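Enquirer:
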Amino acid sequence: MRIVEDSIKRELWVANDLQKSCEVHVGWKILNSDGKEFLKGVCIYKILQWISLKLNSVHLMSIIKDQIHKQNNIIFYKVFLRDNTT
């Protein structure tokens, strides 16, 4: 798993180096430093064997209204395989 960041979005990438496809469940949420939740979501993806894939792209412009909001956001990702292993 890898997070790619720029000033307005965060991307979640995964790589499957197995010889078989797998299904992953991705949960994510964005909080500010006070614990206020801005956005959240859950998605299911099938990852083919021997591939790197962008699973999620979170665009921050909907929550960044001023400089203070830009500095205080926290993004949590939780990735599970279908059998509930992380």
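This note's numbering numbers the first residue of the sequence shown as 525 and each following residue consecutively.
All C-beta atoms in this analysis are idealised placements derived from N, C-alpha and C, irrespective of residue type, glycine included.
Every value quoted in this text rests on a predicted model; they were computed, and no experiment measured them.
#1: Starting from the N-terminal side, write out each stretch of the alpha helix (DSSP H) that is 4 residues or longer and does not extend beyond the region 555–605.
#2: Nearest CA to the CA of residue 546: which residue from 562, 575, 528?
#3: Name the two residues that bound the continuous beta strand (DSSP E) containing residue 527.
#4: Hey, residue 558 and residue 596: beta-carbon distance below 9 angstroms or not?
#5: Using CA coordinates, which residue listed in 533, 527, 604 is at the minimum distance from residue 571?
#6: When DSSP labels each residue in this structure, what does residue 615 get in the three-state scheme?
#7: Would you kindly check if the distance between the Cβ of residue 554 and the Cβ of residue 528 is under 9 angstroms?
#8: Output needed for residue 567: all residues of its chain with C-beta closer than 6 angstroms, excluding positions within five of it in sequence on either side, in chain order.
Expert: Looking at the atomic coordinates:
#1: 591–595
#2: Position 22 of the sequence shown holds residue 546. It is 575.
#3: The residue you call residue 527 lines up with position 3 of the sequence shown. Segment 526–529, the beta strand (DSSP E) holding residue 527.
#4: Counted from its first residue, the sequence shown places residue 558 at position 34. Counted from its first residue, the sequence shown places residue 596 at position 72. Contact flag set, yes.
#5: Here residue 571 is taken as the residue at index 47 of the sequence shown, counted from 1. Closest by alpha carbon: 604.
#6: The displayed coordinates of the chain run from 525 to 610. Any statement about residue 615 would go beyond what the structure contains.
#7: Here residue 528 corresponds to residue number 4 of the sequence shown, with the count starting at 1. Here residue 554 corresponds to residue number 30 of the sequence shown, with the count starting at 1. It is not a contact, given that the beta carbons lie outside the stated cut-off.
#8: In the sequence shown, the residue the question calls residue 567 occupies position 43. Cβ neighbours of residue 567 beyond the five flanking positions: 550.
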